[in-house]
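Throughout the sequence shown, residue numbering follows the UniProt record's numbering, covering 1 to 495 in sequence. To start, the structure under review is shown below, and the notes come after it.
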Amino acid sequence: MSRSSLDGELAEKGLAEVPLLENRVTTKLAKTIVAFTDFLRHSVWPGSRRPTRQTSLKSTAYLDGLRGFAALLVYILHHQGWGHSNVEGSESILGDAFGWNGQYYCVGFPGIRLLFTGGHAAVPIFFVTSGYVLSHKSLSFIHAGDLLQMAENLGSAMFRRWLRLYLPILATTFIWITLWHVFGLRHTDNLSDPPESNFRDEIWKWYCDFKNFSFIFENEPWNGYNSPLWTIPKEFRGSIVIWTALLAFGRFSRNARLCCEAGLAFYFLYIVDGWYCAAFAIGLLLCDLDLLAQRNNLPSLFYRLERWRGRIFLILFLAGVYLSGVPCSSSDIEHLKESPGWYYLSFLKPQAVFDFRNFYRVVGATFIMAAIPRLPSLKGFLELSFCQYLGRISYAFYLVHGPIHWAIGDRLYAAVGRVRGAHMDMAPAWINRFTLPNYGPFGLEVNFLIPHLALVPMTFWIAEICTRLFDEPSTKAAQYLYNVLLDNSSVLEKR
């Protein structure tokens, strides 16, 4: 039957205006294509997204800024170490205490050193921050006496957490291995595995690596494609500690709950070598205290110290900055004792702790986290739009900064004259392509800073893309899947 005769038959039956099936399919397909291309355009070119209306900051906005600033410190740390690996004694200059072995470099001065090697301290800050944020909503329900809502919130959080953490890793590592084989690009990270001979073998190896990495109860899960991701299994383990503690302590009285939270942190930090769990437990305790303070329901001891509040938290912040800059070139406690300014502090190390550096960094992160919301200038800095932006892209920034560094950054270092041994094998064509002078103080040399004119905007841009393509959608997908699987009828019956 011809199209014209079909139209005539439909007209006779009064159905001339009914859209044909193929028209509906075509229209739906066209809308889907337009929506998808629009999504890609907004993702790949961030400036094309319409600016959102400025809203007031939430009470925990400074934590987003702190997490973002900490992610930036991780970026700086890795580039400082990598970009100076060709300098004799650079590990000692960056890692040892100010004045060690007669070395008085600005990058080693207490406080200033965190701007160069603060990425080490950033990890426990991540964990304390996560402990705080993960417990905030559930603790609010506990304080309100709504244990049913608390349980529902914990169930949702536990379901969504794995998807939230691991789906972006799955996507970014797959793209990373694809670039190896499509463009013949070799990474220069000596902690990552070398590429396979063909893409099929690479996919199988990638699958095996990811499935093993995703099992967090393995002793030390390791991602062979992105070495900085060693923190993610610890992030998930710490999350489980928080949820378990909230369930266990939820019906306790105020003082009993606070004592149990403090005892849990003490156990992980002093009795056993569980520094990352201690960081999460400390975040839980700090959040509980802050919520109690908002209700004017703190234990009386805190109100007795109110008159010295400003001085106490300023001292805590300065002490936290100093402790977070613990010498990191060696895990030998004797090395710490011999470090200027650390002899007496070295005796605080608990017997159970294997690597003393983690202990001091957790204590430092605790002091910093406790002080920031009570020091308006610091809190205001972290609430600036730039720090808030860093916080929004912080997870993607953490995921992609390493691959960009190994694929592009290390080659730029070789090109400007910062040549190391691995360049002979990995990137021989890049060596000394446009040599730049090595002028400037250690850590701020001309031929170290110039490559970052390209690396910094590139890393921010790719982190923004990954935030929009993988990070934010994974969060929404996890929430959507939870809502789909939720048995709403049983919830309504209970209510």
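Just so it is clear, CB atoms sit at the ideal spot from N, CA and C, and this is done for glycine as well. Everything numeric in this text was worked out from a predicted model, so none of it was measured.
| query | result |
| --- | --- |
| Residue 313 vs residue 371 beta-carbon contact at 7 angstroms | yes |
| Whole-number beta carbon distance between residue 325 and residue 161, since they are thought to touch under 8 angstroms | No, residue 161 and residue 325 are not in contact; Cβ-Cβ is about 31 angstroms, not under 8 angstroms. |
| Of the listed residues 410, 239 and 482, nearest to residue 86 (C-alpha basis) | 410 |
| Selection from 157, 351 and 224 that minimises the alpha carbon distance to residue 236 | 157 |
| Cβ pair residue 166, residue 214 closer than 7 angstroms | yes |
| Reduced DSSP secondary structure (H/G/I, E/B, other) of residue 368 | helix |
| Cut-off 7 angstroms between Cβ atoms - residues of its own chain near residue 143, not counting five sequence neighbours on either side | 291 and 295 |
| Rounded straight-line distance, which links the Cα of residue 330 to that of residue 400 | 28 angstroms |
| Beta-carbon spacing of residue 83, residue 397 below 7 angstroms | no |
| Option nearest residue 130 by Cα separation, candidates 148, 276, 224 and 186 | 276 |
| Contact under 7 angstroms by Cβ, residue 470 with residue 71 | no |
| For residue 195 and residue 201, the rounded distance between their alpha carbons | 9 angstroms |
| Cα-Cα separation, residue 373 to residue 256 | 25 angstroms |
| Meets three-Cβ-pair contact criterion under 8 angstroms: the segment 118-127 and the segment 334-352 | no |
| Straight-line Cα distance separating residue 116 from residue 107 | 6 angstroms |
| Other residues of its chain near residue 460: CB distance less than 8 angstroms, five sequence neighbours each side excluded | 393 and 397 |
| Enclosing alpha helix (DSSP H) for residue 439 [first to last residue] | Note, residue 439: premise wrong, no alpha helix (DSSP H); not H, not E. |
| Simplified DSSP assignment, three categories, for residue 327 | coil |
| Residue burial classification, residue 64 (beta-carbon count within 10 angstroms, cutoff 16) | buried |
| Inter-residue spacing [alpha-carbon to alpha-carbon] between residue 343 and residue 333 | 10 angstroms |
| Under 7 angstroms between C-beta atoms of residue 474 and residue 164 | yes |
| Residue 287 vs residue 482 beta-carbon contact at 7 angstroms | no |
| Rounded separation between residue 197 and residue 248 - CA only | 51 angstroms |
| Three-state secondary structure assigned by DSSP to residue 17 | Bear in mind that a pLDDT of 47 at residue 17, under 50, signals an unreliable position, so the number given afterwards is only what the model happens to contain. The answer is coil: DSSP assigns residue 17 none of H, G, I, E or B. |
| Local conformation of residue 397 per DSSP, three classes | helix |
| Euclidean distance between Cα positions of residue 380 and residue 320 | 19 angstroms |
| Simplified DSSP assignment, three categories, for residue 196 | coil |
| Residue 143, enclosing alpha helix (DSSP H) - first and last residue | 119-144 |
| Given residue 141 as reference, the closest of 366, 246 and 298 once Cα atoms are compared | 246 |
| Close Cβ partners of residue 345 (< 7 angstroms) along its chain, the five nearest in sequence each way excluded | none |
| Cβ neighbours of residue 362 in the same chain (closer than 6 angstroms, five flanking residues each side left out) | 124, 275, 278 and 279 |
| DSSP state of residue 484 mapped onto helix, strand, coil | helix |
| Selected residue, minimal CA-CA separation from residue 451, among 80, 217, 59 and 60 | 80 |
| Straight-line gap, residue 423 to residue 293 (C-alpha atoms, nearest Å) | 55 angstroms |
| Residue interval of the alpha helix (DSSP H) (run including residue 165) | 147-183 |
| Contacting residues, own chain, Cβ-Cβ under 7 angstroms from residue 224 (five flanking each side not counted) | 192, 193 and 209 |
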